[in-house]
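The letter at position 136 of the sequence shown is residue 147 when you use the numbering used here, and the numbering goes up by one with no holes. Backbone N, C-alpha and C fix where the C-beta goes; we use that ideal spot for every residue, glycine too.
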Amino acid sequence: MSIWKKNISLEALNRTSKNTLMEHLQIEYTDFSDNTLSATMPVCSFTHQPLGMLHGGASVVLAETLGSLAANFCVDDDHYCVGLDINANHIRAMRSGYVIGTAKPMHLGVSTQVWQIDIADEKQRLVCTSRLTIAVKKRKKGK
């Protein structure tokens with residue numbers, strides 16, 4: 012059974028990135044299932060830290076992007092989601108190629124959600140694992 016409460020398509024997901032940090036980092040949504048959302052991000056000069064490796068902050072951007080967008084597709088139109096807390100464990104260094112992040116819910120509650128986001132390299136080796144806690148908020152009428 013699908014967790015999505017709104018129509019979801021890769022085209023619609025990728026449109027949300029226009030004029031955002033996600034567009035700048037070339038994050039592209041590539042796949043979704045009944046309970047996961049995945050995206051890729053290049054590992055190159057604009058995602059590197061000074062030693063020429065993938066910046067941990069770029070991995071966190073990918074993780075929070077996936078978890079937050081997925082969370083917002085799991086609530087009705089009268090609610091929205093924002094990040095409360097994120098942590099990340101950086102497992103493997105990368106210098107080139109791309110990473111694939113996949114978000115999966117651990118808890119989909121009325122007021123909070125918890126998402127596990129695993130980021131892997133092209134050989135499916137774990138690069139970073141992250142956990143994101145989301146606040147579910149009710150929209151004010153007329154907004």
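Per DSSP, LEU36 is not a residue of any alpha helix (DSSP H), being assigned neither H nor E. Its chain contains MET117, HIS118 and THR144 as the residues whose beta carbon lies nearer than 6 angstroms to that of VAL125, once the 5 sequence neighbours on both sides are disregarded; these appear in chain order.
Proximity to SER49 across GLY67, SER79 and PRO61 peaks at SER79, based on C-alpha coordinates. Beyond the five residues adjoining it in sequence on each side, GLU133 comes within less than 6 angstroms, by CB distance, of GLY108 in the same chain, given in chain order. Taken in chain order, the complete alpha helix (DSSP H) segments of 4 or more residues contained in the stretch 58-92 are 67-83. In the three-state scheme derived from DSSP, where H, G and I count as helix and E and B as strand, ARG142 is classed as strand.
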